[in-house]
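Mapping the sequence shown onto the numbering used here, position 255 (from 1) lands on 261, and the numbers just tick up by one.
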Amino acid sequence: MNETDKIIEYLEKQIRNQEKLASLGMLSAGIMHEIQNPLNFVINFSKLSGKLLKDMEDVVLEVENSLPHDSREELNDILSDLKNNIAKIEENGNRVSNIIRGILLYSRGKDDYTPTDLKELVHEYIWLSYHAVRAGHKNFNVSIIEHYENDIPLLNLIPQDVSRAVLNIMNNACHAVFSRSKEASGTPYEPTIKVEIRKEAGKIKLVIEDNGTGISNEVSEKLYTPFFTTKPIGEGTGLGLSISKSIIEKKHNGTIEMETKVNEFTRFTISLPIS
Ligand SMILES: Nc1ncnc2c1ncn2[C@@H]1O[C@H](COP(=O)(O)OP(=O)(O)OP(=O)(O)O)[C@@H](O)[C@H]1O
Ligand SMILES: [Mg+2]
């Protein structure tokens, strides 16, 4: 076999592997969809049962006095256990649901690279994240300072993927300033997130910096590990940064770096090649 044949054989093998990976991705997306439906039943019915239990509690409260003391106690114990159990079912159902959503988003879609205005994309998703966090926490607030250089060229990106990375990093920043504002109650603290896009050394840099909790060394080491999270059960899947990293590095030939100081700041810098 000559050199050319060898190369062709090698390339064919690569393509077969890529196809296998792609169909694996599609397969798992399909399975995840199938799991999500029965899971919705679990979550919705546990919610409903929680409400029914509350109604039952009211009824019990009304007739309580006519019951013998022992039965009353037993009934109340059972009710309280049932309430806890149902809350656990719902909480863990939501947890699985979040993981599935993460995997679905990851395995979804084709890789369509399009000339993209990064400033527009970043601006849109920064505010999307802000409003999403605010919708969940009414007393959340933060000053967002955007600074985008004027002559940023269009970049060849997969927009839905890069927007996902921006959303992840911005969500983390919002949570970090929110956590710190809760810890800092009493002392003056102005939650701030700075977002910057600039051209530097032939690359485009996107910087998202928050003055939130910062990240300890221990957490830094596991930052990009899939499913690593410090958030309470049900709140974070721990997939955010591992997915963001693979989007930036594997799909866009870029880099993602983090600098931090505990209780001062966290700065994520994404570098993307210009062409
Ligand atoms: N800006 C930040 N400030 C402080 N800690 C951060 C910041 N960004 C990430 N972290 C830490 O890194 C961990 C992992 O982040 P990652 O985005 O991968 O997962 P998550 O945010 O916990 O969950 P998910 O992104 O799925 O909601 C977080 O739980 C948090 O402890
Ligand atoms: Mg996250």
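Glycine included, each C-beta is placed from N, C-alpha and C at the ideal position.
Bridge partner(s) assigned by DSSP for residue i
| i | result |
| --- | --- |
| F326 | This structure leaves residue 326 out entirely; the chain is present only between 7 and 281. |
| T122 | L161 |
| Y154 | I203 |
| T198 | S149 |
Simplified DSSP assignment, three categories, for residue i
| i | result |
| --- | --- |
| E241 | coil |
| H258 | coil |
| E215 | strand |
| L278 | strand |
| I210 | strand |
| T235 | coil |
| S222 | coil |
| T193 | coil |
| Y136 | helix |
| Y230 | coil |
| P74 | coil |
| N8 | coil |
| D5 | What the structure shows of the chain is the stretch from 7 to 281, and residue 5 is not part of that stretch, so it cannot be assessed. |
| D117 | coil |
Residue nearest to residue i in terms of C-alpha spacing, selected from the options
| i | options | result |
| --- | --- | --- |
| E241 | E97, R78 and S187 | E97 |
| F274 | K256, E68 and L212 | L212 |
| E63 | G142, I84 and T193 | I84 |
| E206 | S277, L173, K89 and N71 | S277 |
| S86 | L59, R186 and T266 | L59 |
| I132 | L247, A171, A35 and H39 | A171 |
| N82 | E68, F146 and N43 | E68 |
| H258 | E155, V128 and D167 | D167 |
| I249 | F233, M264 and S52 | F233 |
| A182 | D61, L161, Y136 and V128 | Y136 |
| E263 | A141, N269 and I254 | I254 |
| S283 | Y119, N50 and N145 | Examination of residue 283 is not possible in this model, given that the chain is present from 7 through 281 alone. |
| N100 | L161, V66, N46 and K89 | N46 |
| N162 | A138, L134, L173 and D118 | D118 |
| F51 | I92, N174, M176 and I21 | I92 |
| T261 | E155, V268, Q20 and Y230 | Y230 |
| L160 | I21, G192 and R204 | R204 |
Supposed close pair residue i, residue j - CB separation, criterion 8 Å
| i | j | result |
| --- | --- | --- |
| H153 | E202 | 5 Å |
| K209 | P165 | No, K209 and P165 are not in contact; Cβ-Cβ is about 19 Å, not under 8 Å. |
Does the region 188-201 come close enough to the region 213-223 that 3 or more CB-CB pairs lie under 8 Å?
yes
Count the C-beta pairs between the region 226-241 and the region 116-130 that are closer than 8 Å, then say yes if the count reaches three, no if not.
no
Do three or more CB pairs link the region 90-108 to the region 32-44 at distances below 8 Å?
yes
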